[in-house]
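> In this text, residue positions in the sequence shown follow UniProt numbering: the first is 1, and each later residue adds one. The C-beta atom is built at its ideal place from N, Cα and C for all residues, glycine as well.
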Amino acid sequence: MGSIPKLSIVKGQQQDITPRPLHRIFEANLLHHSHKTALITHNNSDSIASESTHCTYKQLNKRANQCARLLVADIKRNCLQPNNDGDYIVAVCMEPSDVLVNTLLSIWKAGAAYLPIDPTFPNNRIQHILQESRPVIVLCDDNIDRQRFNSTPTISSSELFRRSAEL
Numbered sequence: 001m002g003s004i005p006k007l008s009i010v011k012g013q014q015q016d017i018t019p020r021p022l023h024r025i026f027e028a029n030l031l032h033h034s035h036k037t038a039l040i041t042h043n044n045s046d047s048i049a050s051e052s053t054h055c056t057y058k059q060l061n062k063r064a065n066q067c068a069r070l071l072v073a074d075i076k077r078n079c080l081q082p083n084n085d086g087d088y089i090v091a092v093c094m095e096p097s098d099v100l101v102n103t104l105l106s107i108w109k110a111g112a113a114y115l116p117i118d119p120t121f122p123n124n125r126i127q128h129i130l131q132e133s134r135p136v137i138v139l140c141d142d143n144i145d146r147q148r149f150n151s152t153p154t155i156s157s158s159e160l161f162r163r164s165a166e167l
């Protein structure tokens with residue numbers, strides 16, 4: 001019936017887009033903005049002069065790379081296996097913070113997926129999540145009781161940063 005181009009009304013015109021993982025975009029922008037501030041965090045104290053900390057993209061990238069190397073080394077050293085889907089999942093049980101940002105970037109750089117676990121969840125809910133997802137490791141805040149994660153290998157955030165700095 002003529003030469004109407006084949007365009008889907010629902011989809012619209014299709015474009016070829018190359019998917020880029022977030023950590024790759026971060027690294028590409030790092031070349032141009034390495035000394036700019038990447039994170040500004042404020043202490044949650046009620047004092048008038050609450051302290052804030054600054055972190056540049058270069059510092060954030062360096063720490064994330066160190067932590068990613070440690071995660072990969074721990075997975076290999078302990079012969080940890082991926083879940084049934086073939087994915088290496090790292091469970092993260094942390095409150096929102098600059099440490100969480102660095103931790104997530106580290107997980108992506110290590111080639112793993114992260115599974116958020118709310119620290120306020122009851123223990124039985126956490127156990128169910130861990131049994132279903134089978135993460136290779138749990139990263140948690142320092143103040144969280146590691147017993148909540150039973151036999152799943154667990155590393156606190158301060159231990160992660162301390163051990164990664166030694167690599």
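For alanine 110, which three-state DSSP category applies?
Coil at alanine 110, not helix or strand.
> What does a CB cutoff of less than 6 Å around methionine 94 pick up in its chain, not counting 5 residues either side in sequence?
Within the same chain, methionine 94 has close Cβ partners Leu100 and Asp141.
> With DSSP collapsed to three states, give me the class of threonine 103.
Helix at threonine 103.
> Please name the residue in Ala28, Gln59 and Leu31 whose C-alpha comes closest to that of residue 199.
Residue 199 is absent from the model: the chain starts at 1 and stops at 167.
> If you draw a straight line from the C-alpha of threonine 152 to the C-alpha of lysine 76, how long is it?
Spanning the two alpha carbons is a distance of roughly 15 Å.
> What does the Cβ neighbour count give for isoleucine 48, buried or exposed, with the cut at 16 atoms within 10 Å?
In this prediction, isoleucine 48 has a pLDDT of 42, which is less than 50 and means its spatial position is unreliable; what the coordinates show is noted afterwards. Isoleucine 48 is exposed by the Cβ-count criterion.
> If you follow the beta strand (DSSP E) that leucine 70 is part of, which residue opens it and which one closes it?
Where leucine 70 is concerned, there is no enclosing beta strand (DSSP E), although the alpha helix (DSSP H) it sits in stretches over 57 to 77.
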